[in-house]
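Written below as structure tokens is the structure these notes are about.
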Amino acid sequence: MAAVELRSVKKNFGKVAVIHGVSTVIDKGEFVVIVGPSGCGKSTLLRMVAGLEEISEGEVVIGGRVVNGLEPKDRDIAMVFQNYALYPHMRVYDNMAYGLRIRGLSKDDIDRRVREAAKILELDALLDRKPRQLSGGQRQRVAMGRAIVRHPQVFLFDEPLSNLDAKLRVQMRLELQKLHRRLGVTSLYVTHDQVEAMTLGQRIIVMNAGRAEQIGTPAEVYHRPATTFVASFIGSPPMNLLRGRVSADGTQFRTDSGSINLRQARAARAGRELLLGLRPEALDIGGTQFAAEIEMIESLGADHLIHARLGMQSLVARTADEIKLALGASLALGFSADAEHWFDPQTTQRLEI
Amino acid sequence: MIERRPALTVLSHLVLALGVLVVMFPVYVTFIASTQTSQQIITQVPMSLAPGSNMLETYRVALFGGETTYGSKVPPVASMLWVSFVTAMTIAIGKIAISLLSAFAFVYFRFPGRSLCFWMIFVTLMLPVEVRISPTYAVVSNLGMLNTYAGLTVPLIASATATFLFRQFFLTVPDELVEAARIDGAGPMRFFKDVLVPLSMTSVAALFVIQFIYGWNQYLWPLLVTTDESMAPVVMGIKRMISGGDAQNEWNVVMATAILAMLPPAAVVLLMQRWFVKGLVDAEK
């Protein structure tokens, strides 16, 4: 029995369709990340699973039960918010115990659970403090503690790390991974940060404008993006997408300013207008397939990002080698056939050709 | 950068000292007058500003009633103080309780006629007690509430200002707090009791002071509603003591009563002040 199932879940605000039908099955203990730009509907989707938003169409199933009409407290879920949402006037202990008190658990049970969670999250010393006496990271851990003590079937995370500074975010990401390995609770995690998605998720749902463009493992999403949106959203710097037309014999890719030699000629590609996707790290400096004009070089220390121009189109190459070429010079580039991603310019879908 | 100019500092201190003097002098005179005998007040012109020796006697007569030097009877003020206190407390607590609940309804619930109710309450802000006093009197007397605590407090117990204040405060409570409570399993009233009211305590303290003083200072309404001497609040008592014309006024007793009438509101303000400051210093997040 799956832990969570989404069956064509749709959301309308009045006449406006915000979520167009998302379906997936999440197994017990799986950590699934919903990632997408602002406004794509990922938080709305999460809130529908939580019960904070009405489900316009479709069903949400948790632990085998259809939960569409149920209040959040009856769905056996726990949620961690972006702004922590801790009760400001209660101590950390009471913040974590509140939900259990309402459920009517005995004082001993409550104490046991709270102290257990505090131990896991290293909050033992902070139980008597109020939220305003805690740092951002500590507050986020209290919010997680509040979720853990409920022993729910599913954890729901709504961009929990977005309010933390960059260094703390990296630290908390690792802690979250450790926590998941330790507790093994099914988790649904929403974020706009593709790095968090790639590192935390066992599977990723990439959303755009209310649609799930791709659902797959990080490797699948990275190496075989289903649409141009996924291709350019996952990975930093984003994948280069070049417009052009394949020659009649399939050996060349003609852009508005020149030709790119292709290593393999395929009949399926011949003569078609297509988008060629190439990841920055897949471009080999000194290759013989095409040349671009260098516009800027960004040095990141370990890597260098070369921003170049191919006619009207810009692209980025990444290399670990020191580049001795000056701005305005011509950069010779090449790539292997495996590194090619082909997309239909009209439908933005991936083409296996 | 604050300029340091000794002359200006002296000037500002002077102005402040003057202000304090202007405000405190009448209170001081009242206090001094209450420590002297009636004889001394009338015969000594201008009245001496040094404390007299008659304080205990004057206050005893004021509080418990009795004969004075002129042989006139003075009604006991103690019972009037009690009436004032009960009225003011009932009005303050009643107003706060009702306004908390109505603000809660306006902010967290959607119901038909919500806008209409809100605007009706807003309109009542423009109607002072005096405008509606005749019909209110008629209703109160028909309900047999004259000369009762109920009659003194119920017509004054709904408050539009308090409702607005709480509404504004509730609007600043983040939505996520409500959602977290919902996920924890708290229903609306549970949320109200466990989360909203504790967070509103500073507003409650502020409003309590305002409403207590409002209730304490009520004069027109109690004047209409009470005929029984035992149900008169202390502000009425003071007025009654000053009977013009031929009768001699026991000014020292009157002054003593005035001081006694000022003490409870002052005590409330001082007590609540500690609460405000505590609430302001603990900046909530």
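Protein chains in written order, with the numbering used here: chain A, 193 to 545; chain B, -15 to 269. Cβ coordinates follow ideal geometry from the N, Cα and C atoms, glycine included. None of the values given here were measured: they were computed from a predicted structure.
For B:Val(-1), the enclosing alpha helix (DSSP H) covers residues -10 to 18.
Among the residues facing chain B, A:Met271 is included, as its CB has a counterpart in that chain under 8 Å away. In summary, the residues of the segment 290 to 311 of chain A whose CB is separated from some CB of chain B by less than 7 Å are Tyr290, Gly291, Ile294, Arg295, in the order they occur in the chain.
Under DSSP, A:Val252 forms a beta bridge with A:Leu198. Residues of the segment 276 to 287 of chain A with a C-beta atom less than 7 Å from some C-beta of chain B are Ala277, Tyr279, Pro280, His281, listed in chain order. With respect to chain A, the C-beta atom of B:Arg166 has a partner C-beta closer than 8 Å. DSSP, read as helix, strand or coil, puts B:Met129 in coil. For the pair A:Ala310 and A:Gly337, the CB atoms are nearer than the 8 Å cut-off.
Bounds of any alpha helix (DSSP H) do not take in A:Val224; it lies within the beta strand (DSSP E) bounded by 223 to 227. Taking 8 Å as the cut-off, the beta carbon of A:Arg461 is found closer than this to the beta carbon of A:Trp534. The C-beta of B:Ala170 comes closer than 8 Å to at least one C-beta of chain A. In the three-state reduction of the DSSP assignment, B:Ile117 falls in the helix class, which pools H, G and I. In the structure shown, A:Lys220 falls within a coil segment according to DSSP collapsed to helix, strand and coil.
B:Thr211 carries a coil assignment under DSSP once its states are collapsed to helix, strand and coil. Here A:Leu467 is not near A:Thr447, since their CB atoms are 8 Å or more apart.
Proximity of B:Glu41 to chain A, defined by a Cβ-Cβ separation below 8 Å, is not satisfied. Beta-carbon to beta-carbon, A:Arg283 and A:Arg321 are separated by about 7 Å, close enough to satisfy the 8 Å threshold. Chain-order list of chain A residues neighbouring B:Glu213: empty, with the shortest C-beta distance near 46 Å, by a criterion of under 8 Å. Close to chain A, meaning a Cβ-Cβ distance shorter than 7 Å, is no residue of the segment 84 to 101 of chain B at all.
Apart from the 5 residues on each side of it in sequence, B:Val219 sits with its Cβ closer than 6 Å to the Cβ of Tyr203 in its chain, given in chain order. Neighbours of B:Val179 in chain A, taken as residues at a C-beta separation under 7 Å, are given in chain order as Tyr279. Between A:Arg510 and A:Leu523, the beta carbon gap of about 12 Å keeps them out of contact (Cβ cut-off 8 Å). Chain A has no Cβ within less than 8 Å of the Cβ of B:Glu114. The beta-carbon separation of A:Gly221 and A:Thr378, rounded to 6 Å, stays under the 8 Å limit for a contact.
Those residues of the segment 181 to 212 of chain B placed with their C-beta closer than 9 Å to a C-beta in chain A are Pro182, Leu183, Met185, ordered along the chain. Counting along the chain, A:Ser506 sits inside the beta strand (DSSP E) bounded by residues 505 to 511. Any Cβ of chain A closer than 8 Å to the Cβ of B:Leu47 would place that residue at the interface, and such an atom is absent. A:Pro537 is outside the set of residues whose beta carbon lies under 8 Å from a beta carbon in chain B. The three-state secondary structure of A:Ile545, taken from DSSP, is coil. Pairing B:Ala144 with B:Leu109 gives a Cβ-Cβ distance under 8 Å. Ranked by Cα distance from B:Ser118, the first of B:Ala242, B:Leu254, B:Ser214, B:Trp205 is B:Trp205. For B:Trp259, same chain residues with a beta-carbon under 8 Å away, outside a window of 5 residues either side, are Met185, Thr186, Ala189 in chain order. By the beta-carbon neighbour count (other beta carbons within 10 angstroms, threshold 16), A:Gly243 is buried.
For the options B:Ala146, B:Leu254, B:Leu136, B:Thr211, the alpha carbon positioned closest to that of B:Trp200 is the one of B:Leu136. Secondary structure of B:Val29 (DSSP, three-state): coil. Within the segment 337 to 352 of chain A, no residue has a Cβ lying closer than 7 Å to any Cβ of chain B.
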